[in-house]
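K.L.:
Have a look at this one.
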Amino acid sequence: MEMCFSVEEGRVLHGLIGDASGDIVVRLDALGFVVHASENVTELGVDLSSMLLMPHIADFAERDHTREVSFHVEQVFTGKAQSGWIEFPVRACQGHDNKDFGLNENQCELRECQRWYALSLRLVEPESGAAQGALGLLRSLQQKRALQGEIDTCALIDPLTGLANRNAFLAHLRRNVTERRDATMALFAVDGLRAIFMQYGQQTADEIQWGFAKYLETMTLPGHDLAQLDGERFGVLLPDMDMKQARLWATDVLQTFASLTVVASKRSPELTASAGLSPVERTADWTMRQAELGLVMARAGGGMQIGVCDQPARAMSSGAALELALEKTAAQAVAEAMERAKRRLA
Numbered sequence: 137m138e139m140c141f142s143v144e145e146g147r148v149l150h151g152l153i154g155d156a157s158g159d160i161v162v163r164l165d166a167l168g169f170v171v172h173a174s175e176n177v178t179e180l181g182v183d184l185s186s187m188l189l190m191p192h193i194a195d196f197a198e199r200d201h202t203r204e205v206s207f208h209v210e211q212v213f214t215g216k217a218q219s220g221w222i223e224f225p226v227r228a229c230q231g232h233d234n235k236d237f238g239l240n241e242n243q244c245e246l247r248e249c250q251r252w253y254a255l256s257l258r259l260v261e262p263e264s265g266a267a268q269g270a271l272g273l274l275r276s277l278q279q280k281r282a283l284q285g286e287i288d289t290c291a292l293i294d295p296l297t298g299l300a301n302r303n304a305f306l307a308h309l310r311r312n313v314t315e316r317r318d319a320t321m322a323l324f325a326v327d328g329l330r331a332i333f334m335q336y337g338q339q340t341a342d343e344i345q346w347g348f349a350k351y352l353e354t355m356t357l358p359g360h361d362l363a364q365l366d367g368e369r370f371g372v373l374l375p376d377m378d379m380k381q382a383r384l385w386a387t388d389v390l391q392t393f394a395s396l397t398v399v400a401s402k403r404s405p406e407l408t409a410s411a412g413l414s415p416v417e418r419t420a421d422w423t424m425r426q427a428e429l430g431l432v433m434a435r436a437g438g439g440m441q442i443g444v445c446d447q448p449a450r451a452m453s454s455g456a457a458l459e460l461a462l463e464k465t466a467a468q469a470v471a472e473a474m475e476r477a478k479r480r481l482a
């Protein structure tokens, strides 16, 4: 579709797109209806040349976003929004019969057809001051959103084992506490991993961690949440399991692991694991602490055991006093450093 621009429109277009190649350029009338569009508008799965009535720019958006886009366009034309971008999804149904794209309720509902775009508009104003329309850019956000999705996913994944990390696990744990679901938390760790690291090195320790992670993946059931909490501990959230059921399951996990890691050579390290259990109660921090105490008790008993902390439940102390003490210590250290610097310069 050929697009012709006046001198004023050319100036606006130059300032709008610069060297942005690949963007869809649209020209709107004073009401926001599409007058012309660059040929790559076909990326949206629409052929404007076959339409008798041109669509409104807001019609490109999904139904749930049409009103939002229409309001933004109105703000631009009334001078209340001079510039800026608005992001919205469109249904870019390539390969489908989509002649009525954006003009009725029969939009494609396939998830793979959804694409996000950003729209920027600049008014085209003649010397009289009355806006005669606008020029706009539709810029694809798919690569940006895909990258952001990968970043968000990586932020919740442990890079060594590929399991969910502490942040992801705590989110699930807090949700269970808030919703008062019956659940138990299990905390696992390979016994003597620090000694293995000192004797065999980091690579061996990493391989053991990776192997234990894969083993726990095979032992967890659908609905269980498994995560690596740090360089040594693994957490498992066991929904709809009481302490008795969780103990039986954890016992099977430890015994099976021990039977799988029997070594023929005395030079190879004997691998065992221990576990601590806690009911999911009070807060996520309280649950984590109780499970950690159970793990400490299991290891204190020689390892290859399951520990449960039966001490009376106590509220956890606030960390405000510790934070205040650390702030005072840091401030004092800075003051002393400045004083020493003054004495050296004197």
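Numbering of the sequence shown is given in this note's numbering, commencing with residue 137 and proceeding in unit increments.
The beta carbon of each residue, even a glycine, is placed where N, CA and C say it ideally should be.
(1) Go to residue 203, then tell me how far its alpha helix (DSSP H) extends in each direction, as first and last residue.
(2) Rounded to a whole number of angstroms, what is the C-alpha to C-alpha distance between residue 269 and residue 198?
(3) Give me the Cα-Cα distance between residue 355 and residue 392, rounded to the nearest whole angstrom.
(4) Roughly how many whole angstroms lie between the Cα atoms of residue 223 and residue 470?
(5) If you check the beta carbons only, do residue 196 and residue 166 fall under 8 Å apart?
(6) Quick one: residues in its chain with C-beta nearer than 6 Å to the C-beta of residue 169, no 5 flanking neighbours on either side, listed in chain order?
(7) Considering only residues of the same chain and omitting the five flanking positions on each side of residue 340, which have a CB-CB separation below 8 Å?
(8) Taking only the alpha-carbon atoms, compute the straight-line gap between residue 293 and residue 429 and give it to the nearest angstrom.
(9) Counting only the same chain and skipping the five closest in sequence on each side, list residues whose C-beta sits under 6 Å from that of residue 297.
(10) Once DSSP output is grouped into helix, strand and coil, what is the label at residue 418?
(11) Excluding the five sequence neighbours on either side, which residues of its own chain have a C-beta within less than 6 Å of the C-beta of residue 377, listed in chain order?
(12) Taking its Cβ as the centre, do 16 or more other Cβ atoms sit within 10 Å of residue 207, making it buried, or is it exposed?
(13) Ignore the nearest five residues each way along the sequence and tell me which others in residue 176's own chain have a CB closer than 6 Å to its CB.
(14) Kindly identify the DSSP beta-bridge partner or partners of residue 255.
(15) I believe residue 386 touches residue 442 by the beta-carbon criterion, under 8 Å. Please report the beta-carbon distance rounded to the nearest angstrom.
(16) Using three-state DSSP, classify residue 346 as helix, strand or coil.
(17) Determine the direct distance from the alpha carbon of residue 368 to that of residue 325, and round the result to whole angstroms.
(18) Who are the near neighbours of residue 240 in its chain, counting only those whose CB is closer than 8 Å to its CB and skipping five residues on each side?
(19) Over what stretch of residues does the alpha helix (DSSP H) that includes residue 187 continue unbroken?
(20) In whole angstroms, what separates the C-alpha of residue 204 from that of residue 181?
(21) Given that a residue counts as buried once 16 or more other Cβ atoms are within 10 Å of its Cβ, and exposed if not, what is residue 361?
P.N.:
The structure says:
(1) 199 to 213
(2) 23 Å
(3) 9 Å
(4) Approximately 46 Å between the Cα atoms of the pair.
(5) When the beta-carbon positions are compared, residue 196 and residue 166 stay at least 8 Å from each other.
(6) 190 and 192
(7) 332 and 333
(8) 25 Å
(9) Only 346, 349 and 364 meet the Cβ criterion.
(10) Correct three-state label for residue 418: coil.
(11) If we look at residue 377 and ignore the five residues flanking it on each side, its Cβ neighbours are 320.
(12) exposed
(13) 160
(14) 222 and 274
(15) 5 Å
(16) helix
(17) Going from the Cα of residue 325 to the Cα of residue 368 covers about 6 Å.
(18) Since pLDDT at residue 240 reaches only 41, below the 50 mark, its modelled position is unreliable, and no value is offered.
(19) Looking at the DSSP string, residue 187 is not in any alpha helix (DSSP H), and its letter there is neither H nor E.
(20) 22 Å
(21) buried
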